[in-house]
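*Asks:* Residue numbering for the sequence shown follows the numbering used here, starting at 127 and increasing by one per position.
My structure is below; once you've seen it, I'll send some questions.
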Amino acid sequence: MSIVNAKEIMVEAAKHGYAIGAFNITDLLQFEAVIDAAVEKKAPVIVQTSVKPSKFLGTNMMVSIFRTLAGSAPVPVCLHLDHCTEIDYCKKCADAGYTNIMIDASKQSYEENIRPPKEVVDYCHKAGNISVEGELGTVSGVEDQVKVAEDEAQLANPKQSVEFVERTGLDIFAPAIGTAHGVYKTKNPKVDFDRLATINKMLNGSGIKTPLVVHGGTGLSEEYIKKLLAAGGAKFNVSTELKHTLIDTKFEYITAHRDEYDPGKIDVAVRDATRKAVMHWIDMLESAGKA
Ligand code: 13P
127 MSIVNAKEIM VEAAKHGYAI GAFNITDLLQ FEAVIDAAVE KKAPVIVQTS VKPSKFLGTN
187 MMVSIFRTLA GSAPVPVCLH LDHCTEIDYC KKCADAGYTN IMIDASKQSY EENIRPPKEV
247 VDYCHKAGNI SVEGELGTVS GVEDQVKVAE DEAQLANPKQ SVEFVERTGL DIFAPAIGTA
307 HGVYKTKNPK VDFDRLATIN KMLNGSGIKT PLVVHGGTGL SEEYIKKLLA AGGAKFNVST
367 ELKHTLIDTK FEYITAHRDE YDPGKIDVAV RDATRKAVMH WIDMLESAGK A
């Protein structure tokens, strides 16, 4: 079995200066493509679903696909629930077999952002080998249930980050550092690399305890990715790019083959394009060959 939680593969990544790609999927084809890419690149990987696709397919269906695909893959695979604002749904996914859960109370005040992660951490640690991710500060843009306007986005305070992780017991931590969900409007978005490095030093300076997550992967340049790796990013979330790959590939295929009625061929095109996009990310994150 190559089913793992996120923390265990991220600790290894953080120790050795590479990061795990965490890819948001909405259907079976993307799920297969992410795992195929990881197998081809011999890389540990995280497959993630935000709440909408998880509810649409159903937790049991999602976990059955995960167990079938990951169970026979020769690389470690984690199934992560992304940006969930509902404590009960976090618990439901943990019970069903997700191996990493993100409870997102980041839009609430600091004190109100403590209780939900703490409750989910206590639950998941009792339920099994499930790690929990939380966020401090807010990442601008839209990711399923969570919408944050640009002028509402707030970066994580380093001192408060340490206290937040201690009080909640989180396994992995996503500090807001200026990256954003969706497509960046500029080539050089304002990302606070030093803030990530400071938080990493404060949390993990004397041994990796709470590896760090970078949200808003789509559109980050290779130069930014290298700097974020050096600053301690051990998981990079990529969602919008795979959505665009899926929709653009379907559109282009259908446009070029308007008289063909063979859905399987569209699926092959989508799976192939997605696999290539994921392999490119794995190369950029330097996780190839690390499984
Ligand atoms: P992007 O949609 O910008 O890739 O961000 C993904 C993300 O951070 C999901 O949590």
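Ideal Cβ placement from N, Cα and C applies to all residues, glycine included.
Checking 9 Å against the spacing of the C-beta atoms, do Val288 and Met328 come in under that value?
*Replies:* yes
*Asks:* Taking contact to mean 3 or more Cβ pairs, one atom from each stretch, closer than 8 Å, check whether the stretch 361 to 378 and the stretch 335 to 352 are in contact.
*Replies:* yes
*Asks:* Given a cut-off of 9 Å on the beta-carbon distance, is the pair Thr185 and Thr152 in contact?
*Replies:* no
*Asks:* Which of the three DSSP states, helix, strand or coil, is assigned to Asp374?
*Replies:* helix
*Asks:* If distances are taken between C-alpha atoms only, which option among Leu354, Asn326, Phe290 comes closest to Lys316?
*Replies:* Leu354
*Asks:* Is Asn150 near ligand 1, with its Cβ less than 8 Å from a heavy atom?
*Replies:* yes
*Asks:* Kindly provide the chain-ordered list of residues whose Cβ lies closer than 6 Å to any non-hydrogen atom of ligand 1.
*Replies:* Asn150, Asp208, His209, Glu269, His307, Gly308, His341, Gly342, Gly343, Thr344, Asn363, Val364, Ser365, Thr366, Glu367
*Asks:* Got a sec: does ligand 2 put a non-hydrogen atom nearer than 8 Å to the Cβ of Asn150?
*Replies:* With respect to ligand 2, the structure shown offers nothing to examine, as its ligands consist of ligand 1.
*Asks:* Determine the closest residue to Glu134 out of Glu386, Asn226, Ala196, with distance taken between C-alpha atoms.
*Replies:* Asn226
*Asks:* Starting from Ala300, trace the beta strand (DSSP E) in both directions and tell me its first and last residue.
*Replies:* 298 to 301 is the span of the beta strand (DSSP E), which, as asked, contains Ala300.
*Asks:* Would the beta-carbon of Ala302 fall within 9 Å of that of Thr264?
*Replies:* A contact, by the Cβ cut-off of 9 Å.
*Asks:* Short check: CB of Ile213 to CB of Glu245, under 9 Å?
*Replies:* yes
*Asks:* Identify whether Ile351 lies in helix, strand or coil by the three-state DSSP scheme.
*Replies:* The three-state reading of DSSP puts Ile351 in helix, counting H, G and I together.
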